[in-house]
Amino acid sequence: MDLSTTYLGLSLKNPIVASASPISERVERVKRLEECGAAAVVMYSLFEEQIVHESLELDYYLNRGTESFPEALSYIPDLPDMGRYSVGPEVYLEQIRLLKEAVSIPVIASLNGVSTGGWIKYAQKMEQAGADAIELNIYYLPVDPELTSSELEAAYVQLVRDVRASVSIPLAVKLSPFFTALPHFARSLAEAGADGLVLFNRFYQPDFDLDTLDVVPNLRLSTSDELRLPLRWISLLYGRVNVDFALTTGVHTAQDVLKAMMAGANVAMMTSALLRHSEGHVQQVLSDMTGWMESYEYESIRQMQGSMSQRAIENPAALERTNYIKVLNSFQEVSGGPLPTMNFSLR
Amino acid sequence: MVQRNFEAVDQTLAKLYEVTVPAAVSSNLTRRPTVPTEAPAFVRDVLGAMIAGDGDSIPVSALPIDGTFPSATTQWEKRNISLEIPVWEPDLCIQCGKCAYVCPHAVIRTKVYAPEALEGAPEAFKSTDARFKEFPGMAYTLQIAPEDCTGCTLCVEVCPAKDKSQVGRKAINMAAQPPIREQEACNWNFFLNLPEIDRTALVPNSIKNSQLLQPLFEFSGACAGCGETPYVKLVSQLFGDRSIIANATGCSSIYGGNLPTTPWATNRDGRGPAWSNSLFEDNAEFGLGMRLTLDKQNEYARELVQQFGAELGSDLVNGLLHADQSDDGGIAAQRARVTTLKECLHNVDSPQARDLLSLADTLVKKSVWIIGGDGWAYDIGYGGVDHVIASGRNVNILVLDTEVYSNTGGQASKATPRAAVAKFAADGKATPRKDLGLIAMAYGTVYVARVAMGYSDVQTLNAIREAEAYNGPSLVIAYSHCIAHGINMRKGLDQQKLAVQAGLWPLYRFNPDRLSEGKNPLQLDSKAPSIPIAQYAYNETRYKMLVQSDEQRAAHLLALAQQDVQRQWQHYHQLVDLYEAEVQAQVTAAAAASSNGSPKEQA
Ligand SMILES: Cc1cc2nc3c(=O)[nH]c(=O)nc-3n(C[C@H](O)[C@H](O)[C@H](O)COP(=O)(O)O)c2cc1C
Ligand code: SF4
Ligand code: SF4
Ligand code: SF4
Chain B
580 MDLSTTYLGL SLKNPIVASA SPISERVERV KRLEECGAAA VVMYSLFEEQ IVHESLELDY
640 YLNRGTESFP EALSYIPDLP DMGRYSVGPE VYLEQIRLLK EAVSIPVIAS LNGVSTGGWI
700 KYAQKMEQAG ADAIELNIYY LPVDPELTSS ELEAAYVQLV RDVRASVSIP LAVKLSPFFT
760 ALPHFARSLA EAGADGLVLF NRFYQPDFDL DTLDVVPNLR LSTSDELRLP LRWISLLYGR
820 VNVDFALTTG VHTAQDVLKA MMAGANVAMM TSALLRHSEG HVQQVLSDMT GWMESYEYES
880 IRQMQGSMSQ RAIENPAALE RTNYIKVLNS FQEVSGGPLP TMNFSLR
Chain X
11 MVQRNFEAVD QTLAKLYEVT VPAAVSSNLT RRPTVPTEAP AFVRDVLGAM IAGDGDSIPV
71 SALPIDGTFP SATTQWEKRN ISLEIPVWEP DLCIQCGKCA YVCPHAVIRT KVYAPEALEG
131 APEAFKSTDA RFKEFPGMAY TLQIAPEDCT GCTLCVEVCP AKDKSQVGRK AINMAAQPPI
191 REQEACNWNF FLNLPEIDRT ALVPNSIKNS QLLQPLFEFS GACAGCGETP YVKLVSQLFG
251 DRSIIANATG CSSIYGGNLP TTPWATNRDG RGPAWSNSLF EDNAEFGLGM RLTLDKQNEY
311 ARELVQQFGA ELGSDLVNGL LHADQSDDGG IAAQRARVTT LKECLHNVDS PQARDLLSLA
371 DTLVKKSVWI IGGDGWAYDI GYGGVDHVIA SGRNVNILVL DTEVYSNTGG QASKATPRAA
431 VAKFAADGKA TPRKDLGLIA MAYGTVYVAR VAMGYSDVQT LNAIREAEAY NGPSLVIAYS
491 HCIAHGINMR KGLDQQKLAV QAGLWPLYRF NPDRLSEGKN PLQLDSKAPS IPIAQYAYNE
551 TRYKMLVQSD EQRAAHLLAL AQQDVQRQWQ HYHQLVDLYE AEVQAQVTAA AAASSNGSPK
611 EQA
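If you read the protein sequences in the order shown, they are chains B and X. Residue numbering for the first sequence follows our numbering, starting at 580 and increasing by one per position. Residue numbering for the second sequence follows our numbering, starting at 11 and increasing by one per position.
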């Protein structure tokens with residue numbers, strides 16, 4: 580059974596990739612992922628904003644109250660060698676090095692920048708530290724009513740162009756689902772030099788606490804139900820935009836991975852499933868996949884990739900928006916049932 | 011870039027104007043006097059000159075000959091340092107008193123008073139109906155001292171009442187100070203002149219009630235948002251009119267008595283804490299000496315009262331010797347008896363009468379407090395603390411635990427927790443903190459409590475009241491957030507809560523008296539650890555900086571600290587179980603004794 584695939588020009592032994600998450604903060608866990616069969620790992624993101632914030636914050640708290648009182652010139656010790664403070668990207672870059680030493684699967688660094696200079700600088704450092712590829716995580720919530728979608732998209736495209744010009748390793752861009760004309764935007768990113776698109780990042784929506792009337796963070800892991808949004812969009816984009824696709828959000832089971840492949844993804848990424856069931860889950864999914872492929876007589880992953888993309892299916896309209904009306908009507912007929920949404924049936 | 015620099019220079023030059031200095035001063039702005047003109051003469055002339063930085067001009071003859079400085083003088087030093095102060099919204103306020111309780115600087119006060127007292131109030135003075143079951147038909151005001159507020163914002167953080175249509179608006183909110191300074195200063199003065207609550211009509215067993223008591227520790231120079239001073243202030247509210255305080259060197263001795271002004275204050279009757287600072291290494295003994303002196307004086311006074319039985323009458327003698335002074339009512343009644351006693355004695359001319367006159371006040375119960383930080387109690391003064399709690403004498407020890415020597419700049423003490431960075435532990439403290447409370451509990455005769463008002467304000471209040479009521483040594487260890495933790499001070503109370511939730515600061519009260527009442531003496535007042543300590547620790551620079559300097563060591567120490575937490579919690583639980591077994595055994599023995607008759611009869 581040939582499970583191999585390629586992604587961003589990297590040859591992978593199978594399509595399961597661990598997406599960005601705290602798992603990659605620990606070398607042992609990444610080793611374990613490799614043992615369990617994961618084909619590549621994306622590291623947690625390096626946030627430029629956080630680096631800047633942390634160094635300003637550290638400086639503020641280390642120096643607050645100093646020189647204000649004759650009995651105590653400071654309240655927190657200076658380390659004998661202040662250079663030892665690694666505020667900044669050093670910890671991250673060191674982690675790339677450690678992971679590269681520890682495992683032989685590709686390690687993809689992930690970057691969330693703020694300034695153009697920052698994006699370029701950190702991307703270069705990641706390349707130097709040995710990352711096999713870089714995923715640009717353009718996580719940004721535009722709340723300014725003055726900012727138009729075309730301005731924002733143009734800025735992202737320019738960013739990809741700038742980073743592309745400054746590093747030679749492959750580049751992927753991880754997007755949120757909130758773009759108006761996604762196919763056009765995806766194509767612009769490809770033209771600017773993106774080798775792959777990672778669809779879609781999943782945002783953690785804060786919740787309200789009705790007792791305290793506070794806005795509270797609420798981390799909920801995904802379920803397989805959430806697969807459908809990226810599934811549909813990869814089906815639609817496959818063959819239309821010339822890049823590799825990584826499907827993220829809602830990949831939990833072998834079925835989910837197979838669907839992703841059929842939609843046209845090069846790889847299927849997992850975070851929630853790994854956080855919930857830990858690294859050994861990859862092994863299970865791989866063996867279920869092989870079992871399914873054997874019983875339906877598939878020889879390879881390549882054989883199925885894109886087989887259910889919009890271009891390949893019998894009824895392309897099934898994936899388009901008009902279908903929504905049909906679904907709604909059928910819902911009214913079988914009233915009482917849950918609202919059906921887009922899904923593939925794997926027989 | 012270079013071109014833009016040139017442009018910047020050019021534009022600067024284009025906007026430079028020459029200012030001609032007028033030959034004569036034409037402004038009519040004047041500086042306020044350092045101390046208001048209505049202040050007492052000594053404050054105006056001596057302290058005022060010191061505040062103005064003009065201390066060298068004061069003649070030696072103007073200074074107190076024995077070093078005794080008048081208290082209640084910070085009220086005259088209007089430092090006026092905050093650009094923002096809280097503003098009260100009476101319609102939203104639930105009158106819980108929490109804001110006043112946590113204010114480190116005693117800037118927020120609450121009063122319940124008869125509505126008639128509002129006559130002549132300034133136009134902007136706020137008042138609403140009091141919501142106290144003890145005081146029907148009364149009015150309520152929560153007032154802020156605008157020129158004493160430090161802007162620390164703890165009061166707003168703690169306020170639980172939110173506007174239903176706009177949850178960001180609370181019953182107290184920060185607002186720009188300059189536009190309301192004059193108006194609020196005027197309101198503050200009016201407020202001060204409203205009558206104080208009748209202490210005998212109030213049981214301070216709730217936060218809201220406790221905050222009707224006048225603080226006798228106010229406007230100290232502690233850092234804005236200091237975690238220590240709210241505890242000190244609470245003690246002053248509950249017992250300040252009869253307390254004698256021995257204060258160890260440390261932050262509390264600096265903000266408690268640094269010249270020129272003194273935050274320890276007096277009430278309208280002129281009563282307030284008598285306070286003195288001693289050394290790091292002898293403060294507990296210093297306080298014990300105060301206790302022994304009072305006890306001796308009281309003993310002699312009682313002897314004398316009995317000698318004067320005939321002159322005083324048996325009612326007065328009985329009252330003086332056997333009065334119940336366990337609450338403010340009892341204290342007030344005893345004070346009245348002492349006044350009568352003094353009146354009677356004025357007519358008697360004998361050496362004994364003169365002795366009794368000078369000692370009469372010691373017949374009123376005094377509250378001895380020994381206060382200091384962890385550097386004192388855990389380290390330098392530890393031998394003395396141990397000696398004093400072993401003495402069995404009735405003293406109250408309050409440890410303001412910042413887990414570090416704060417005043418001298420953040421050196422590690424034995425209270426510094428594992429994994430935290432401090433001076434002398436720049437690589438993160440490798441050993442766990444000493445469990446001072448457990449050591450004290452081992453005697454079985456010491457009242458011990460561990461408190462953190464950010465987690466439970468009521469538990470803190472109960473512990474401090476019980477400690478004072480316990481007729482023996484008491485030790486209250488109070489979590490005090492501090493600038494040396496490297497935190498956003500407005501989140502100080504949140505950190506206290508997280509410390510307890512993480513199990514780093516379990517709350518308990520150990521009251522030996524309960525055993526004789528057939529109750530478990532050890533009560534755990536907080537729940538089992540429910541969050542990882544990282545969730546608390548990594549909000550604080552003292553922990554976080556280790557991650558940045560030596561990530562592996564930080565992870566290693568934090569893992570050990572996490573184990574410490576579990577072990578400590580189990581240990582406390584086992585102690586509770588042990589005492590429970592002891593209580594059950596007592597109950598069973600008592601039941602057996604009553605059903606079988608006394609052991610003697612059996613024999
Ligand atoms: C705890 C956690 C941390 C994450 N951190 C990152 C990150 O640093 N950068 C990023 O691009 N995505 C991050 N993600 C998003 C995941 O990589 C993934 O795209 C998302 O969880 C959806 O996939 P899933 O359904 O497999 O969880 C994180 C997700 C979780 C749950
Ligand atoms: S801001 Fe701070 S000092 Fe001012 S009233 Fe509130 S708690 Fe007190
Ligand atoms: S904390 Fe809020 S609700 Fe409570 S007394 Fe203060 S202002 Fe009123
Ligand atoms: S150093 Fe800490 S304990 Fe001392 S006054 Fe400042 S905040 Fe309070």
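Every residue gets a Cβ at the ideal spot worked out from N, C-alpha and C, and that includes glycine.
Is it the case that the Cβ atoms of Y623/B and S603/B are separated by a distance below 7 Å? Y623/B places its beta carbon less than 7 Å from that of S603/B.
Anyone know if the C-beta pair for M956/B and M883/B falls short of 7 Å? Shown here, chain B extends from 580 to 926; a query on residue 956/B therefore has no answer.
Go ahead and label P125/X buried or exposed: buried means 16 or more other beta carbons lie within 10 angstroms of its beta carbon, across all protein chains shown. Looking at its Cβ environment, which holds fewer than 16 other Cβ atoms inside 10 Å, P125/X is exposed.
For A613/X, which of helix, strand or coil comes out of DSSP? A caution first: A613/X carries a pLDDT of 41, below 50, which makes its placement in the model too unreliable to give a value.
Please report the straight-line C-alpha distance between Q351/X and F229/X, rounded to a whole angstrom. Just to set this straight, residue 351/X is Leu in the shown sequence, not Gln. The straight-line gap separating the alpha-carbon atoms of L351/X and F229/X is approximately 37 Å.
Just how far apart, CA to CA, sit R312/X and E321/X? Pairing R312/X with E321/X, the inter-Cα distance amounts to about 15 Å.
What did DSSP end up calling V12/X once you bin it into helix, strand or coil? In this structure, V12/X counts as helix in the three-state DSSP scheme.
Kindly say whether I655/B, judged by its beta-carbon, lies nearer than 7 Å to any beta-carbon of chain X. Interface residue, yes.
Among the residues of its own chain, which have a CB less than 7 Å from the CB of A477/X, if the five just before and after it don't count? The residues are N406, Y457, A459, S484, V486.
Residue range of the beta strand (DSSP E) that includes I338/X: Sequence check: residue 338/X is Asp here, not Ile. Membership of D338/X in any beta strand (DSSP E) is not indicated; the residue belongs instead to the alpha helix (DSSP H) covering 338-356.
Neighbouring residues, chain X, relative to R807/B (Cβ below 7 Å): Under the 7 Å cutoff, chain X gives no residues; its nearest Cβ is about 34 Å from R807/B.
If the cut is a Cβ gap below 7 Å, which residues of chain X does R643/B touch? Under the 7 Å cutoff, chain X gives I493.
Are the CB atoms of R781/B and T832/B nearer to each other than 7 Å? Their beta carbons are not under 7 Å apart, which means R781/B does not touch T832/B by this criterion.
Just how far apart, CA to CA, sit G382/X and N293/X? In this model, G382/X and N293/X are separated by some 8 Å (Cα to Cα).
Return yes when at least one heavy atom of ligand 1 lies under 6 Å from the C-beta of V830/B, else no. Because some heavy atom of ligand 1 lies under 6 Å away, the Cβ of V830/B counts as near it: yes.
Rank R676/B, L778/B, R811/B by C-alpha distance to the C-alpha of A896/B and give the top, closest one. Closest by alpha carbon: R811/B.
Give the secondary structure of M630/X by DSSP, where H, G and I count as helix, E and B as strand, and everything else as coil. Any property of residue 630/X remains undetermined from this structure, which presents chain X solely from 11 to 613.
Y388/X, enclosing alpha helix (DSSP H) - first and last residue: Going by DSSP, Y388/X is part of no alpha helix (DSSP H) at all; its letter is neither H nor E.
Cross-strand partners of L750/B (DSSP beta bridge): Bridge partners of L750/B: I713/B.
Looking only at its chain, what residues have a beta carbon closer than 7 Å to the beta carbon of P756/B, apart from the 5 residues adjacent to it on each side? Correct list, in chain order: F779, L808.
Note down, in chain order, every chain X residue with its Cβ under 7 Å from the Cβ of Y719/B. The contacting residues do not exist; Y719/B stays about 24 Å from chain X at best.
Spatial distance of V932/B from S689/B (CA atoms): Missing from the structure shown is residue 932/B; chain B here goes from 580 to 926 and no further.
How would you write the range of the alpha helix (DSSP H) that V586/X sits in, first residue to last? For V586/X, the enclosing alpha helix (DSSP H) begins and ends at 561-606.
Could you pull out every residue in the same chain whose Cβ sits closer than 7 Å to the Cβ of Q612/X, ignoring the five residues on either side in sequence? Because the pLDDT of Q612/X is 46, which lies under 50, any placement of that residue in the model is unreliable, and the question is left without a value.
Would you kindly work out how many angstroms separate the C-alpha atoms of Y654/B and I813/B, rounded to a whole number? If you take the alpha carbons of Y654/B and I813/B, they lie about 55 Å apart.
Measure the Cβ-Cβ separation of V609/B and V682/B and say whether it is below 7 Å. The beta carbons of V609/B and V682/B sit closer together than 7 Å.
Under 7 Å, CB to CB, which of the residues in the segment 623-635 of chain B have a partner in chain X? Answer set for the segment 623-635 of chain B: empty.
Just mark V19/X as buried or exposed, buried being the case when its beta carbon has 16 or more other beta carbons within 10 Å. Per the 10 Å Cβ criterion, exposed.
Taking A488/X as part of the beta strand (DSSP E), name the residues at either end of that continuous run. A488/X -> beta strand (DSSP E) spans 484-489.
Mapping the DSSP letters down to three states, classify W285/X as helix, strand or coil. The answer is strand: DSSP assigns W285/X an E or B state.
Does any C-beta atom of chain X lie closer than 7 Å to the C-beta of E650/B? Interface residue, yes.
Please confirm if L798/B has its CB atom under 7 Å from at least one CB of chain X. Residue contact with chain X for L798/B: absent (no Cβ-Cβ distance below 7 Å to any residue of chain X).
Hey, would you say D774/B sits closer than 7 Å to L750/B, going by beta carbons? Cβ atoms of D774/B and L750/B: closer than 7 Å.
Beta-carbon of G5/X versus every beta-carbon of chain B: anything under 7 Å? As displayed, chain X neither begins before 11 nor continues past 613, which places residue 5/X out of reach and without an answer.
Could you tell me if M11/X is buried or exposed, where buried requires 16 or more neighbouring beta carbons within 10 angstroms of its beta carbon? M11/X is classed as exposed because its beta carbon has fewer than 16 other beta carbons within 10 Å across all chains shown.
Residues of its chain near V822/B, where Cβ-Cβ distance is below 8 Å and the 5 sequence neighbours each way are ignored: Only A765, L768, A769, A773, D774, G775, L776 meet the Cβ criterion.
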